[in-house]
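K.L.:
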Amino acid sequence: MKVDFSPPFIDSIVKKHVSDVLESGWITTGPKTKLLEESIAKKYDIPACLGVNSWTSGAILFMKWWGIEEGDEVIIPAYTYAATALAVIHAGGVPVMVDVKDDFTIDEKAVKEVISEKTKIIMPVDIAGITADYESLNRLVEEKDIIKKFRPRNKKQKDLGRILILSDAAHSLGAKFDNKYSGALCDITIFSLHAVKNVTSAEGGIIALNLPRPFENEQLYGELRRFSLNGQTKDAFTKSKGGNWKYDIVEPGMKCNMPDLNAALALGQFEQYDELLDKRKSIYSIYNTFFEAKEWASAPEYDSKIESSYHLYPVRLKVTETERDAIIDYAAKQEVSVNVHFQPLPLLTYFKDMKNIHSHENALKLYRQEISLPIYPQLSEEQALFVCKTIEEGYKTVVEK
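Numbers 549 to 949, taken from my numbering, label the letters of the sequence shown in order.
(1) Just verifying my parser: in three-state terms, what is the DSSP assignment at M806?
(2) From the DSSP output, in three-state form, read off T868 for me.
(3) Please give the ranges of any beta strand (DSSP E) in the region 717-786, keeping only runs that are unbroken, at least 3 residues long and fully inside the region.
(4) Judging by CA-CA distance, which residue of H908, E661, V600 and Y729 is the nearest neighbour of A750?
(5) By Cβ distance, which residues of its chain are closer than 6 Å to C936, with the 5 residues on each side in sequence left out?
(6) If you compare alpha carbons, which of V867, L757 and E691 is closest to Y592?
(7) Excluding the 5 residues flanking Y769 on each side, which residues of the same chain have their C-beta closer than 7 Å to its C-beta?
(8) What does a CB cutoff of less than 7 Å around K853 pick up in its chain, not counting 5 residues either side in sequence?
(9) Only counting the same chain, and skipping five residues up and downstream in sequence, which positions put a Cβ closer than 6 Å to that of S740?
(10) Taking C-alpha atoms, which residue in E617, N904 and V747 lies nearest to E661?
(11) Leaving out the 5 sequence neighbours to the left and right, which residues in its chain are closer than 8 Å to D735 when beta-carbon positions are compared?
(12) Is T577 helix, strand or coil by DSSP?
(13) Report the residue from A911, A784, E940 and I923 whose alpha carbon sits nearest the alpha carbon of K829.
(14) Just checking my contact of T628 with F899 at CB under 8 Å: how many whole Å lie between their CB atoms?
(15) Identify, in the order they occur along the chain, each residue of the same chain with its Cβ nearer than 8 Å to the Cβ of E883, setting aside the five sequence neighbours on each side.
(16) Name, in chain order, the residues that DSSP records as bridge partners for L714.
(17) Measure the CB-CB distance between L688 and I694 and report whether it falls below 8 Å.
(18) Counting only the same chain and skipping the five closest in sequence on each side, list residues whose C-beta sits under 6 Å from that of A658.
(19) Where do the N-terminal and C-terminal ends of the alpha helix (DSSP H) with I561 fall, by residue?
(20) Looking at the secondary structure, which residues open and close the alpha helix (DSSP H) in which E823 lies?
(21) Could you tell me whether the Cβ atoms of M806 and T581 are closer together than 8 Å?
(22) By DSSP's criteria, P862 is part of a beta bridge. Which residues make up the other side?
(23) Would you kindly work out how many angstroms separate the C-alpha atoms of T653 and G573, rounded to a whole number?
(24) Taking the beta strand (DSSP E) that V646 belongs to, which residues open and close that run?
(25) Let me know the alpha helix (DSSP H) ranges lying completely inside the region 870-934, each 4 residues or longer, listed in chain order.
(26) Between the region 798-814 and the region 605-624, are three or more C-beta pairs nearer than 8 Å?
(27) Should N792 go down as buried or exposed, given a rule of 16 or more other Cβ atoms within 10 Å for buried?
(28) Between the region 669-677 and the region 854-861, can you find at least three pairs of beta-carbon atoms closer than 8 Å?
(29) Is the separation between the beta-carbon of D716 and that of Y850 shorter than 8 Å?
(30) Got a sec, what are the start and stop residues for the beta strand (DSSP E) K696 sits in?
(31) Pick out the complete beta strand (DSSP E) segments inside the region 604-677, 3 residues or longer, and give them in chain order.
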């Protein structure tokens, strides 16, 4: 039985949205992108959302706009995908890597230990659909001794008056913490709509704006939208209207807007997202029931305040890294595609010799034992049980031989 890892969900509703755009004659940023932005903002009680062409470009865009400069530090977990750190570097900052807790999310105590006068942003990463502890992080940046360390570089940073929290929520669209949706849990949240995500636009991202007063998030939306269009005062859709050709460039922006063609793909899925999440949850429950009964495995555990978006199922096996890799190879031979999320950044060639890498022993331990199992709406119960049996057979073949 062949089981793919994460195929996109594309049905007749999704195809109709895409077809509508193709037939409209307008395929770049326009009404579909605006509708996607507004739909996500309304559903998750977010003041404003901006569509961009990837999570990475969205993160770079925001950090540049926020005024990150050479030497500014952004605290991130060592356990994440490379884009988290690379966005900081491309924005001109320095990634400061710290360890994670057993639920794969950033360790708030480790964060506090490395905050310095150079710290401008804390960027927690939501893993597998599980949010970081934003309650603790929001409380941390408001502590008097932490605020005393804060050195704003510009008016925006001065108006905030503290370290900004920017959530890498690539995995957590639709997740909740303490009954509040991801996107409304901290200052800025960036979702990914990459091809393997719960909702995909093939490539794309959403910047969720939730800054406190004196900021006006709808006004910031306009500023960031302009910044995502080369600093141009009119987008192409507006310019296409009769007599509207004249524009100005008011800042050295980037080019990372989301086209309508991509937005349409995501819209068709987002309209059905509650149902799709329920299907993911049912697969998650099948895996939980199976692996919770196995002494050699650890099912995901996280705070009861959290409701996952069920993006990944990260099972941990009580094995060595070599044994884990052999079990993955065994699964591949049975045509079951699994993955590992993630290789800690300090293991990768580009990052391993960087300064500002702090203790990350727990990240290494989690990595050596983790396997991500297929989880998506099209996956049948029969396929999910086959995945379970395949991992069990792999364990017995490799470890109990």
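For glycine and all other residues, C-beta sits at the position ideal for the given N, C-alpha and C.
P.N.:
In short, the structure shows the following:
(1) Taking the sequence shown and counting its residues from 1, the one referred to as residue 806 is at position 258. M806: coil per DSSP, three-state reduction.
(2) Position 320 of the sequence shown, counted from the first residue, corresponds to residue 868. Correct three-state label for T868: coil.
(3) Counting only runs of 3 or more, we get 736-740 and 753-757.
(4) Translated into the one-based positions of the sequence shown, residue 750 becomes position 202. Closest by alpha carbon: V600.
(5) Counted from its first residue, the sequence shown places residue 936 at position 388. Non-local C-beta neighbours of C936 in its own chain, meaning closer than 6 Å and more than five positions away in sequence, comprise F838, ordered along the chain.
(6) For this step, residue 592 is matched to residue 44 along the sequence shown. Of the listed residues, the one whose Cα sits closest to Y592 is L757.
(7) In the sequence shown, the residue the question calls residue 769 occupies position 221. Closer than 7 Å at Cβ, skipping near neighbours: A596, L598 and L757.
(8) Along the sequence shown, read from residue 1 onward, the residue named residue 853 stands at position 305. F725 and D726.
(9) Here the question's residue 740 lines up with position 192 in the sequence shown. Around S740: W603, A718 and G753.
(10) What you label residue 661 is simply residue 113 of the sequence shown in a count that begins at 1. Closest by alpha carbon: N904.
(11) For the purposes of this step, residue 735 is taken as the residue at position 187 of the sequence shown. Contacts found: L708, L712, I713, L714, N758, L759 and P760.
(12) If you number the sequence shown from 1, residue 577 lands on position 29. It is coil, neither helix nor strand.
(13) Working through the sequence shown from its first residue, we reach residue 829 at position 281. Among A911, A784, E940 and I923, the Cα nearest to that of K829 belongs to I923.
(14) Start at 1 with the first residue of the sequence shown, and residue 628 comes out as number 80. Start at 1 with the first residue of the sequence shown, and residue 899 comes out as number 351. With a Cβ gap of about 11 Å, T628 and F899 do not count as contacting.
(15) Counted from its first residue, the sequence shown places residue 883 at position 335. If we look at E883 and ignore the five residues flanking it on each side, its Cβ neighbours are M549, K550 and V551.
(16) Taking the first residue of the sequence shown as position 1, residue 714 is located at position 166. According to DSSP, which records beta bridges pairwise, L714 is partnered with I736.
(17) To locate residue 688, count along the sequence shown from 1; it is residue 140. To locate residue 694, count along the sequence shown from 1; it is residue 146. Yes; because the gap between Cβ atoms is below 8 Å, this pair is in contact.
(18) As a first step, residue 658 is located in the sequence shown; it is residue number 110 there, counting from the start. Once the five neighbours on either side are set aside, the close Cβ partners of A658 are V646 and D647.
(19) Numbered from its first residue, the sequence shown carries residue 561 at position 13. Counting along the chain, the alpha helix (DSSP H) containing I561 begins and ends at S560 to S572.
(20) Locating residue 823 in the sequence shown gives position 275, counting from the first residue. It spans Y821 to F839 - the alpha helix (DSSP H) in which E823 sits, taken as one unbroken run.
(21) By one-based count along the sequence shown, residue 806 stands at place 258. By one-based count along the sequence shown, residue 581 stands at place 33. Contact flag set, yes.
(22) Locating residue 862 in the sequence shown gives position 314, where the first residue counts as 1. P862 pairs with S920.
(23) Taking the first residue of the sequence shown as 1, we reach residue 653 at position 105. Taking the first residue of the sequence shown as 1, we reach residue 573 at position 25. Approximately 44 Å, taken between the alpha carbons.
(24) Start at 1 with the first residue of the sequence shown, and residue 646 comes out as number 98. Element bounds for V646: V642 to V646.
(25) Taken in chain order, the complete alpha helix (DSSP H) segments of 4 or more residues contained in the region 870-934 are 909-917.
(26) Result yes; three or more Cβ-Cβ pairs closer than 8 Å.
(27) As a working mapping, residue 792 is identified with position 244 in the sequence shown. Label assigned to N792: exposed.
(28) In short, these stretches touch, since the Cβ pair count reaches three.
(29) In the sequence shown, counting from the first residue as 1, residue 716 sits at position 168. In the sequence shown, counting from the first residue as 1, residue 850 sits at position 302. Going by beta carbons, D716 and Y850 fall outside the 8 Å limit.
(30) Here residue 696 is taken as the residue at index 148 of the sequence shown, counted from 1. From DSSP, K696 is part of no beta strand (DSSP E) but of the alpha helix (DSSP H) over K692 to K697.
(31) 621-625, 642-646 and 667-670
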